[in-house]
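Here is the structure we will look at.
There are 2 protein chains.
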Amino acid sequence: MSIDVLQEKIRSMKNPVMVGLDPYLPILPRHIVRDALEEHGQTPRGAAAAYTRFCTELLDALRGVVPAVKLQSACFEALGADGIAAMQTLSRYATDQGFYVLIDSMRGDVGSVAEIYAQAMFGTVPIGSTAHRLYSCNALTVNGYLGSDGVRPFLPYCKHDEKSIFLLLKTSNKSSREVQDLLSGDRVIYTAMADLAMRWSEGLFGRNGYSQIGAVVGATYPQTLRLLREKYDRLFFLVPGYGAQGGTARNVQGAFDRFGHGAIITASRSIICAWQSSGSDGRDYCAHAVAAAEKMKQDLAEYVTVL
Amino acid sequence: MSIDVLQEKIRSMKNPVMVGLDPYLPILPRHIVRDALEEHGQTPRGAAAAYTRFCTELLDALRGVVPAVKLQSACFEALGADGIAAMQTLSRYATDQGFYVLIDSMRGDVGSVAEIYAQAMFGTVPIGSTAHRLYSCNALTVNGYLGSDGVRPFLPYCKHDEKSIFLLLKTSNKSSREVQDLLSGDRVIYTAMADLAMRWSEGLFGRNGYSQIGAVVGATYPQTLRLLREKYDRLFFLVPGYGAQGGTARNVQGAFDRFGHGAIITASRSIICAWQSSGSDGRDYCAHAVAAAEKMKQDLAEYVTVL
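For the protein sequence lines, the chains are A and B, in the order given.
Mapped onto this note's numbering, the consecutive letters of the first sequence carry residue numbers 57 to 363.
Mapped onto this note's numbering, the consecutive letters of the second sequence carry residue numbers 57 to 363.
Here it is, written out as structure tokens:
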């Protein structure tokens, strides 16, 4: 199952790090933007070409360094069709390079709409008598506020097609408490969501014991991470909020089980923008990204040993 | 403000109906699919051409019949870049034809990602020294599970640029109770979300008294609609679940205030697929859609008088 694939990739590299690719023109090295806009004009196509080069070069550099990457769907949607074309290309490229690929779209649709979306992201789209694979990813993030109707359309792909979803439980942002921490009986909303994740997980556990339905829990709430790890020992955690948002290696220690399994830590800006704090002009952004990713691996290794 | 624009359009047509455009190849009339795939091949471009023709012809037919339309983002994303190009084109076309346009993407991102998305959907995207307007819409649906951090990036556009957001409160699907109806103190989660909507609404009330932050409440929960209407008399309701999902005119009566204001009822499949239950071959799908929309207006008028 997909969650076994992820755990195996982490184990073989002894590295539970997922790098987030969330391109945006103002954060890209100047030479990449200049070259792309010179070739394609000051157009969405030009901007998308800059995103594609930036992310492709990062993928080439990070191959063999980290096991997994995450594409931030909203960043690509924000460039319209050209952005989505870039995301499709990059999702296939990252898969071909051997990365575990998550598309971070945090969708929460229902019924037939969710079915259509799940099919496009995880399967193939039938057009006439031909089937088109438009995206290529191992996993998606899903917002469960709508309940089972929003999640069930993804489950056949989790069961039969080596795909996973990560359900938003406790997100890394400050205001996540406003809804997620509301108390309901003896639970808070994010544990109610975890209980739903366990209910939906029936028949979806991998060889390693973890469910194909993972959970998003922020690095910025270390105590919550630890408590959730203890209580939900079969939910694999996707942990955002490391680095730029303030989460540290020590903060995420509690996300892992005693084998150093069951969690992957994501970082975006602290890796892909590492060149900015170096005084560099950005031409060596890949080297800075690799160094930052390796530093993150080392920092984590002080608190977690992946067996 | 945008919410005044919507109310005025409804008033001038005495019609609180929003037609949902959620195209999908299997539901399109056969001649439209055939023509498009003959011209462009069995490709995403061919499918997107079919979506564009289908929706454009519907918009032409529904102009002057209904005040508002909704584009279902996931349906277009499911065709990749070609689908998004179609959504961009259709959002501009619907705006040019005078419709109030909602893009139904149910997003829930945070921080810089939500800012990038809000700017692209509601504003212009700067590329070099030029600004590109990629989408054209009056409103978006937003999932508030992440709290203020996911909503605040949209608020400057609500305040200064005639835009609105509709926050998911109580959705029309059966399993919406699993999370949304959980009891927390003397509230359920959807009223907690409504309280947040009111908090975020400061300074965002239109001439008609309604907030730029509206609320999604399903037609399938008539008692809830009525109670929410009484308690939250300044939240404009977007009401899905009419028709195909089982909501009736009587069910949605309670969504309106005593002037017949404060709500718009959406219907998708029951309008755009009306030709299917007629035994027609689909060539007259626009006439069936218009007839179904007019029937829906009449049915609503039995229970609601828009003053």
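Cβ atoms here follow ideal geometry from the backbone N, Cα and C, with glycine treated the same way.
Beta-carbon separation (whole angstroms), residue i vs residue j, contact threshold 8 Å
i         : j         : result
Met74(A)  : Lys126(A) : 5 Å
Phe57(B)  : Gly262(B) : Per the sequence presented here, residue 57(B) reads as Met, with Phe not at that position. Between Gly262(B) and Met57(B) the Cβ distance is about 4 Å, and since that is below 8 Å, they are a contact.
Leu62(B)  : Val346(B) : The Cβ separation is near 21 Å, so there is no contact.
Ala142(A) : Ala195(A) : With a Cβ gap of about 20 Å, Ala142(A) and Ala195(A) do not count as contacting.
Ala250(B) : Leu284(B) : 7 Å
Leu114(A) : Leu77(A)  : 7 Å
Ile66(B)  : Pro123(B) : 5 Å
Asp91(B)  : Gln128(B) : Contact flag wrong, Cβ pair sits at about 23 Å.
Ser185(A) : Leu238(B) : Ser185(A) to Leu238(B), Cβ: 46 Å. No contact.
Lys353(B) : Asn71(B)  : 5 Å
Val244(A) : Gly200(B) : About 16 Å separates the two Cβ atoms, so there is no contact after all.
Member of the options whose CA lies at the smallest distance from the CA of residue i
i         : options                                       : result
Leu294(A) : Gly203(A), Leu158(A), Trp256(A) and Ile172(A) : Leu158(A)
Val198(B) : Val346(B), Arg243(B), Pro209(B) and Leu223(B) : Leu223(B)
Ala130(B) : Gly76(A), Glu113(A), Ser220(A) and Ala176(A)  : Ala176(A)
Val166(B) : Gln332(B), Gly203(B) and Gly303(B)            : Gly203(B)
Asn264(A) : Ala106(A), Gln153(A), Cys329(A) and Leu363(A) : Leu363(A)
Lys226(B) : Cys193(B), Lys219(B) and Gly274(B)            : Gly274(B)
Ser220(B) : Thr112(B), Leu291(B) and Val89(B)             : Leu291(B)
Ala106(A) : Ser228(A), Ile66(A), Arg314(A) and Leu135(A)  : Leu135(A)
Asp60(B)  : Gly299(B), Ile320(B) and Arg101(B)            : Ile320(B)
Thr145(A) : Ser240(A), Phe110(A) and Ala300(A)            : Phe110(A)
Tyr277(B) : Ala357(B), Leu190(B), Phe155(B) and Gln301(B) : Gln301(B)
Ile327(B) : Ile183(B), Arg189(B), Asp313(B) and Ala343(B) : Ala343(B)
Pro182(B) : Val244(A), Leu81(A) and Tyr156(A)             : Leu81(A)
Gln153(B) : Leu239(B), Ala271(B), Thr247(B) and Val121(B) : Val121(B)
Ala253(A) : Arg233(A), Ser232(A), Lys287(A) and Asn229(A) : Lys287(A)
Glu218(A) : Gly200(A), Gln354(A), Phe178(A) and Asn229(A) : Phe178(A)
Arg282(A) : Pro296(A), Ala271(A) and Phe312(A)            : Phe312(A)
Asp289(B) : Arg325(B), Thr247(B) and Ala348(B)            : Thr247(B)
Leu190(B) : Thr99(A), Ser334(A) and Arg325(A)             : Thr99(A)
Close Cβ partners of residue i (< 6 Å) along its chain, the five nearest in sequence each way excluded
i         : result
Thr361(A) : Gly316
Ala170(B) : Gly206 and Pro209
Tyr298(A) : Ala275, Ile321 and Ala323
Ile140(B) : Phe132
His96(B)  : Gly102 and Ala105
Gly303(B) : Ala275, Thr276 and Gly297
Below-8 Å beta-carbon distance, residue i vs any chain A residue
i         : result
Pro100(B) : yes
Tyr201(B) : yes
Met254(B) : no
Ala323(B) : no
Ser257(B) : no
Thr112(B) : no
Ile88(B)  : no
Glu419(B) : This structure cannot speak to residue 419(B), because chain B is shown only from 57 to 363.
Contact set for residue i: own chain, Cβ-Cβ below 8 Å, skip 5 residues either direction
i         : result
Tyr359(B) : Ala305, Arg306, Val308 and Gln309
Arg86(A)  : Asp337 and Gly338
Leu260(B) : Met57, Leu211, Cys214, Lys215, Ser267, Gln268 and Ile269
Arg101(A) : Asp138
Trp256(B) : Ser204, Val207, Arg208, Leu211 and Ile269
Asp116(A) : Gln153 and Cys342
Min CB distance residue i to chain B below 8 Å
i         : result
Lys126(A) : no
Asp14(A)  : One cannot answer for residue 14(A) here, as it falls past the ends of chain A, which runs 57 to 363.
Tyr277(A) : no
Tyr173(A) : yes
Cys329(A) : no
Asp116(A) : no
Ser334(A) : no
Leu224(A) : yes
Gly227(A) : In the sequence on display, residue 227(A) carries Thr and not Gly. Yes, its Cβ sits closer than 8 Å to a Cβ of chain B.
Cys214(A) : no
Met249(A) : yes
Asp205(A) : yes
Closer than 7 Å: residue i CB and nearest the ligand COA heavy atom
i         : result
Leu363(A) : Ligands are entirely absent from the displayed structure, and the ligand COA is therefore not among its contents.
Contacts around residue i, its chain only, beta-carbon distance under 7 Å, and the 5 residues preceding and following it disregarded
i         : result
Pro79(A)  : Tyr107, Phe110, Cys111 and Cys131
Tyr173(A) : Arg163 and Asp165
Ser192(A) : Ser147, Arg148, Thr151 and Val157
His188(A) : Thr180 and Val181
Thr280(B) : Lys226 and Val273
Pull out every residue of the stretch 74-86 of chain A whose Cβ sits closer than 8 Å to any Cβ of chain B, in chain order. Correct list: Asp78, Tyr80 and Leu81.
Taking any Cβ of chain A, which residues in the stretch 230-241 of chain B have a Cβ under 8 Å from it, in chain order? So the list reads Lys230, Ser231, Ser232, Arg233, Glu234, Val235, Gln236, Leu238, Leu239, Ser240 and Gly241, given in the order they occur along the chain.
Quick one, which residues of the stretch 142-170 of chain A are near chain B if we go by CB-CB under 9 Å, in chain order? Cβ contacts with chain B come from Ala142, Met143, Gln144, Asp160, Ser161, Met162, Arg163, Gly164, Asp165, Val166, Gly167, Ser168, Val169 and Ala170.
Taking a cut of 9 Å between CB atoms, which residues from the stretch 260-274 of chain B lie near chain A? Result list empty, no residue passes.
Near-chain B residues of the stretch 294-305 of chain A - C-beta to any C-beta below 9 Å: Among the residues of the stretch 294-305 of chain A, those with a Cβ less than 9 Å away from any Cβ of chain B are Gln301, in the order of the chain.
Mind listing which residues of the stretch 337-359 of chain B have their C-beta closer than 7 Å to chain A's C-betas, in chain order? Taken residue by residue, none of the stretch 337-359 of chain B has a beta-carbon sitting less than 7 Å from a beta-carbon on chain A.
Any residues in the stretch 179-195 of chain B with a beta carbon nearer than 9 Å to a beta carbon of chain A? Which ones, in chain order? Within the stretch 179-195 of chain B, the residues whose Cβ lies closer than 9 Å to some Cβ of chain A are Val181, Pro182, Ile183, Gly184, Ser185, Thr186, His188, Leu190 and Tyr191, listed in chain order.
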